[in-house]
Amino acid sequence: MTEVKKKKKGNSIVHPRYGCAIGAVNTVAAIPRGIPIGNCGPGCADKQYFMISFENGFQGAGYSGGGALPSSNLGENEIVFGGQNKLDDLIKSSLKIMDGDLFVVLTGCSGELIGDDVGSIVRKYQDKGYPVVYADTAGFKGNNLIGHEIVVKAIIDQFVGEFHGKKKKGLINLWFEIPYFHTNWRGDYIELKRILEGAGFEVNVLFGSESKGVEEWKSIPKAQFNLVVSPWVGLETAEYLKEKYSQPFLHIPVIPIGEEQTTEFIRKVVAFAGIDNKKAEKFIEAEAERYYYFLEHFSEFFSEYWFGLPARFTSVGEAAYNISITKFLTDQVGLIPVKQIITDNTPEKYREGIRELYRNISDGVSLEVDFIEDGYLIEQEVKNADYGSSVPLVLASSWEADVVQELKGLLVPIGTPITSEVVLNRSYIGYNGALTLLERVYTATVK
Amino acid sequence: MAKKKINLNLSSVDNREMRLGSIISWDGSASELVEASNYDIRGQKKTGGGCGGGKGAGCKLCELNMPFNQQTMCSHSIVGCQVGNLPDCILIEHSPIGCSAIHPRFNLGFRIGLMRRGKKVENIQIFSTNLLERDMVFGASDKLRRSIRDAWERFHPKAIFISMSCSTAIIGEDIESIAMEMEEELGVTVIPLFCEGFRSKHWSTGFDISQHGVVRQIVNKNPKKQEDLINIVALWGTDYFTEMLRPLGLRVNYLIDMASYDELAQASEAAATATFCHTLGSYMATALEDEYGVPQIDAPQPYGFAGTDDWLREIAKVMGKEDIIEDYIAREHARVLPKIEELREKLKGIKGFVATGSAYAHGMISVIRELGIEVDGSIVFHHDPVYDSGTSNQNTLKHLVENYGEIDHFTVSKTQQFQFYGLLKRVNPDFIIIRHNGLAPLAAKIGIPAFAMGDEHFPVGYDGIVRVGEALIEILARKKFNQVLQRHVKLPYTDWWLSQEDPFILAKQPEILDDPIEAVIAEKKNAV
Chain C
-5 MTEVKKKKKG
5 NSIVHPRYGC
15 AIGAVNTVAA
25 IPRGIPIGNC
35 GPGCADKQYF
45 MISFENGFQG
55 AGYSGGGALP
65 SSNLGENEIV
75 FGGQNKLDDL
85 IKSSLKIMDG
95 DLFVVLTGCS
105 GELIGDDVGS
115 IVRKYQDKGY
125 PVVYADTAGF
135 KGNNLIGHEI
145 VVKAIIDQFV
155 GEFHGKKKKG
165 LINLWFEIPY
175 FHTNWRGDYI
185 ELKRILEGAG
195 FEVNVLFGSE
205 SKGVEEWKSI
215 PKAQFNLVVS
225 PWVGLETAEY
235 LKEKYSQPFL
245 HIPVIPIGEE
255 QTTEFIRKVV
265 AFAGIDNKKA
275 EKFIEAEAER
285 YYYFLEHFSE
295 FFSEYWFGLP
305 ARFTSVGEAA
315 YNISITKFLT
325 DQVGLIPVKQ
335 IITDNTPEKY
345 REGIRELYRN
355 ISDGVSLEVD
365 FIEDGYLIEQ
375 EVKNADYGSS
385 VPLVLASSWE
395 ADVVQELKGL
405 LVPIGTPITS
415 EVVLNRSYIG
425 YNGALTLLER
435 VYTATVK
Chain H
111 MAKKKINLNL
121 SSVDNREMRL
131 GSIISWDGSA
141 SELVEASNYD
151 IRGQKKTGGG
161 CGGGKGAGCK
171 LCELNMPFNQ
181 QTMCSHSIVG
191 CQVGNLPDCI
201 LIEHSPIGCS
211 AIHPRFNLGF
221 RIGLMRRGKK
231 VENIQIFSTN
241 LLERDMVFGA
251 SDKLRRSIRD
261 AWERFHPKAI
271 FISMSCSTAI
281 IGEDIESIAM
291 EMEEELGVTV
301 IPLFCEGFRS
311 KHWSTGFDIS
321 QHGVVRQIVN
331 KNPKKQEDLI
341 NIVALWGTDY
351 FTEMLRPLGL
361 RVNYLIDMAS
371 YDELAQASEA
381 AATATFCHTL
391 GSYMATALED
401 EYGVPQIDAP
411 QPYGFAGTDD
421 WLREIAKVMG
431 KEDIIEDYIA
441 REHARVLPKI
451 EELREKLKGI
461 KGFVATGSAY
471 AHGMISVIRE
481 LGIEVDGSIV
491 FHHDPVYDSG
501 TSNQNTLKHL
511 VENYGEIDHF
521 TVSKTQQFQF
531 YGLLKRVNPD
541 FIIIRHNGLA
551 PLAAKIGIPA
561 FAMGDEHFPV
571 GYDGIVRVGE
581 ALIEILARKK
591 FNQVLQRHVK
601 LPYTDWWLSQ
611 EDPFILAKQP
621 EILDDPIEAV
631 IAEKKNAV
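Pasting the structure below:
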């Protein structure tokens, strides 16, 4: 056992499941009329686009990502003589050519290693009143989850700015999934916003189709509190906001899936906010009624299907989807979790808290989750798990396709990268998403 | 002995701008570019004559330097999608994890490529050394050694490649010494590739770097000739070449994607080397010719009747099949002509636009002109004024202009989406044919459907003309979808930019950027 543990300590990664910090260009592109500017090599943002957006449900770049993204494409000349002039030209021309409300300069490895003073160039534009922000997102600083928080903090710090006004009761800043990286983020934001509004809140969703763009970002300091719905990403942001704007935060580590968890989630948020719960309870009642209407129908298939259903499952993916889907299938559907692997290189300080969540995932079920990033080792673990006598169910990424084929199992992709599904507004969370997840898992079964 | 065109003594490769005078930004007519390229003079220089090549002022091709650029691709990516696509060899990317973020895309291409070639379909296995901040400070050589040992223990590959990235190049990682040291330790070929992204302004240098490594360290140094074997330098395309060349009694050896180590090694044993695209294949073909006397097919590319005829005749000449070739060509013409005439009728009045890699675009335009489609504008992502062979028969742009006529607006632009709007508006095509990402989404939003030429062999040969014609009829139907988008979706560019008539205005009049933009910003602020 110690032998295996030692082996895991290597640095190599095959079949990566995340990009690097500059992958946060996609975070900026997810803000309506936000324009990312790459101060990096010619291939950096392109590569991140493939991992985080295109080969991840074929989401597409939207307004300002992908091929539209301005980039300094640093070459030999800049490496030797510095890239400040090139960056200055790029920002100047971006402001004229790109039609946006917020421009964020993200510096990659080469930009940082040659030591250009990006801050002084950007500040020149900031001083003139241009909405330009800069962030240090060299790939060696960490993965795109880390990059996401670096960029969010930079925007708050340099664009949202100081605030001394009054807070607005019932207004929430939502710190939730990472745009594009969480494959279903577009649908998930819609569902979670629907739920929070149904319960009587106003929500700054900040990213995606439901966001009002920079106007919403500017109103971050007005919110009554910050709501972090994620195991660890977003906590740094919430801590920062607590200090900067004296805003409290509520941390709900497991994204709610299914009626019971979603209802519990609403009640927690309502209690934390101290708002009147009448609207929320009415909303819960209506949602619950609809949810069980469908669950009742589903239960006939679930109890009468003659030709075998999966019983044991492994789940492989970043922490947020992994724990929420594992919890739903274990606690609400009665499937048996046999191997859970978190692949997002969760910072050490958050790991014990997450382990505890798995240990208490459902009455009578306690799990030991693994943290592994190297696809080779992950796939070995998936292969060697004990699936009993029924067909193995593997909730993972498209990298697991080969091992699932070997197992003659069912692959339901739940995380980056996904190259076997086209994802638009799908969601697996909340009231509605739970039903879609059941559809997806059992469509794979009957196919 | 003739002067060698390729220097295999060094482990690194001069980039294309140094070797060939390649450019990435230019606008004019195709015939003007033929003239400015001065192919023949540059070619002579390769064999010892000429005007001193790219270093002499007389040979330098003018380039339009733009102050604004959008995200593109790098040589490091190209190396990943070349030597990372070998089923029994392993590539190790010595870099932070972000440099490997494109692997899911490569995996998809690799799996489809394996399927097309009838090989076992399985995941790609490229390693990342996964470097972090402390490695930038203290060096990362031990992590590289560890990854090489991991690769060896896990897969026992026939060869291991190491690719350099921007960060590891800047901190001065000595991958060549480590390659030699590990080669000794493990007894397996280890090949260092110097393909850091900043090394070249165009990604195609990555092809040369990959091919350089293969020819230098994998190709069999004591070849036993295989008289019926022809190398085709290719990517992931469907195997149409076997069918085309079987009547000449030839077997095809595809290089280098999806090839096994042994298939790469036997490249030096082939009777000839050809390619579907000189941008891709010229370096390898020339290196194999220089080093092992494997003749390269001295012809343009196999597209349209004219190109395919010339290409087949040259292969027949090299292979000693001249007695049967004219009969074969005549039969093929007679077979496909009725179908092509039918397609010409259906495609009457249609206008197309090509936006692909350099020499490939020359072939692609030939094919759609063969179908009677009008082409008065196109983009190549870079332009090589000469190929490594330096032989005049490979002057593909000249071949295009001479056989299929002028293209009024022939633009060199490295997947720059902001320029693409003006370039399309200038000629208003009914469809575009495209490779690489980044441009098609813009065309889609202004009502123009895109034919993503994902199978690059699709237009090859006589049947290729038919295949393209039939596919275009399906693509044109999609215009309905694009018109919906056009009616409802906004582009991310300012009205000021979209109203510019010249997509290269910033290079010609950079001072227009100094116009006050305060007004624009103030307006936006008021809107908020």
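Going down the list, the sequences are from chains C and H. Using our numbering, the first residue of the first sequence is number -5, and each one after it goes up by one. Using our numbering, the first residue of the second sequence is number 111, and each one after it goes up by one. Just so it is clear, CB atoms sit at the ideal spot from N, CA and C, and this is done for glycine as well.
Distance, Cα to Cα, V362/H vs D565/H? Cα to Cα, the separation comes out at about 18 Å.
Indicate whether the contact test is met: 3 or more Cβ pairs, each with one atom in the stretch 171 to 189 of chain H and one in the stretch 512 to 521 of chain H, closer than 8 Å. Verdict: no, contact absent.
Answer yes or no: does any C-beta atom of chain H fall closer than 7 Å to that of S8/C? The residue you asked about is not Ser; residue 8/C is Val in the sequence shown. Chain H contact via Cβ: present.
Using a Cβ-Cβ distance cut-off of 7 Å, determine whether D260/H contacts chain C. Closer than 7 Å to some Cβ of chain C, the Cβ of D260/H qualifies, so yes.
I489/H (DSSP reduced to helix, strand or coil): Judged by DSSP in its simplified three-state form, I489/H adopts strand.
Work out the CA separation of F561/H and L582/H for me, nearest whole Å. Approximately 7 Å, taken between the alpha carbons.
Between which two residues does the alpha helix (DSSP H) holding A379/C run? Here A379/C belongs to no alpha helix (DSSP H), and DSSP marks it neither H nor E.
If T506/H sits next to H472/H, beta carbons under 8 Å apart, how far is it from one beta carbon to the other, in whole angstroms? Between T506/H and H472/H, the beta carbon gap of about 4 Å places them in contact (Cβ cut-off 8 Å).
In the DSSP assignment, the beta strand (DSSP E) including S523/H goes from what residue to what residue? 519 to 523 is the extent of the beta strand (DSSP E) around S523/H.
On a Cα-Cα basis, can you pick out the residue from G138/H, D137/H, K156/H, L143/H that is closest to Y393/H? Nearest option by C-alpha distance: K156/H.
Quick check on K216/C: does DSSP put it in helix, strand or coil? Three-state result, K216/C: helix.
Using only alpha-carbon positions, find the residue among T466/H, V477/H, K427/H, G571/H that is nearest to Y514/H. The residue with the shortest Cα to Cα distance from Y514/H is V477/H.
Residue environment, D245/H, which counts as buried when at least 16 other CB atoms sit within 10 Å: With 16 or more Cβ atoms within 10 Å of its Cβ, D245/H is classed as buried.
Cβ pair count under 8 Å reaching 3, the stretch 7 to 21 of chain C against the stretch 159 to 166 of chain C: No, the stretch 7 to 21 of chain C is not in contact with the stretch 159 to 166 of chain C.
For G158/H, which residues of its own chain have a beta-carbon under 7 Å away from its beta-carbon, when the five flanking residues on both sides are left out? Low per-residue confidence applies at G158/H: pLDDT is 48, beneath 50, and the placement is therefore not dependable, though the value from the model is reported in the following sentence. Within the same chain, Cβ atoms closer than 7 Å to the Cβ of G158/H are found at K113, the five residues on either side in sequence being excluded.
Excluding the 5 residues preceding and the 5 following D420/H in the sequence, name in chain order all residues of the same chain whose CB lies nearer than 7 Å to its CB. Around D420/H: A409, P410.
Starting from W169/C, follow the beta strand (DSSP E) in both directions and report where the run begins and ends. Counting along the chain, the beta strand (DSSP E) containing W169/C begins and ends at 162 to 169.
Given a threshold of 16 other Cβ atoms within 10 Å of its Cβ, counted over all protein chains shown, does W300/C qualify as buried or as exposed? By the 10 Å Cβ count, W300/C comes out exposed.
Hey, does P304/C have any beta-carbon neighbour from chain H nearer than 7 Å? By this cut-off, P304/C is not an interface position.
Quick one, which residues of the stretch 49 to 70 of chain C are near chain H if we go by CB-CB under 8 Å, in chain order? Answer set for the stretch 49 to 70 of chain C: E49, N50, G54, A55, Y57, S58, G60, G61, A62, L63, P64, S65, S66, N67, L68, G69, E70.
By the three-class DSSP mapping on this structure, what secondary structure does G28/C have? Looking at G28/C - three-state DSSP - the assignment turns out to be strand.
Counting only Cβ pairs nearer than 9 Å, list the residues of chain C close to I280/H. The answer, in chain order, is I73, C103, S104, L107, I108.
Cβ closer than 8 Å: which chain C residues qualify as neighbours of D245/H? F134, listed in chain order.
Please return the same chain residues whose Cβ sits closer than 6 Å to the Cβ of Y315/C, not counting the five positions on each side in sequence. The beta carbon of Y315/C sits closer than 6 Å to those of I408, G409, all from its chain and outside the five residues before and after it, given in chain order.
With distances taken Cα to Cα, identify the nearest neighbour of N354/C among G123/C, I317/C, S392/C. When G123/C, I317/C, S392/C are compared, the shortest CA-CA separation from N354/C is found for I317/C.
Less than 7 Å between CB atoms is the rule here; does M354/H satisfy it with respect to chain D? Of the protein chains in this structure, namely C and H, none is chain D.
Just to confirm the assignment, what range does the beta strand (DSSP E) spanning S391/C have? Run containing S391/C: none; DSSP gives neither H nor E here.
Report the residue from A269/H, N592/H, D367/H, R326/H whose alpha carbon sits nearest the alpha carbon of V343/H. Cα-wise, what sits closest to V343/H is D367/H.
Can you tell me which of R326/H, D252/H, E306/H puts its alpha carbon nearest to the alpha carbon of M292/H? From the listed residues R326/H, D252/H, E306/H, the smallest Cα separation to M292/H is found for D252/H.
Taking the continuous alpha helix (DSSP H) assigned at V362/H, which residues delimit it? Annotation for V362/H: no alpha helix (DSSP H) segment contains it, though the beta strand (DSSP E) segment containing it runs 361 to 366.
Based on Cα-Cα distance, which residue from R306/C, D182/C, K135/C, Q255/C lies nearest to E281/C? If we check each option's Cα against that of E281/C, Q255/C comes out closest.
When you compare the CB of F44/C with every CB in chain H, is at least one pair closer than 7 Å? F44/C counts as touching chain H.
Given a cut-off of 7 Å, decide if Q120/C and V112/C are closer than it, judged by their beta-carbon atoms. Not closer than 7 Å, so no.
Do we get a CB-CB distance below 7 Å when we pair K86/C with the residues of chain H? At least one C-beta of chain H is nearer than 7 Å to the C-beta of K86/C.
P206/H touches chain C at which residues, Cβ-Cβ below 7 Å? Here the neighbours are C14, C103, G133, F134.
Alpha carbon to alpha carbon, what distance is there between G323/H and K508/H? Computed Cα separation, rounded: 31 Å.
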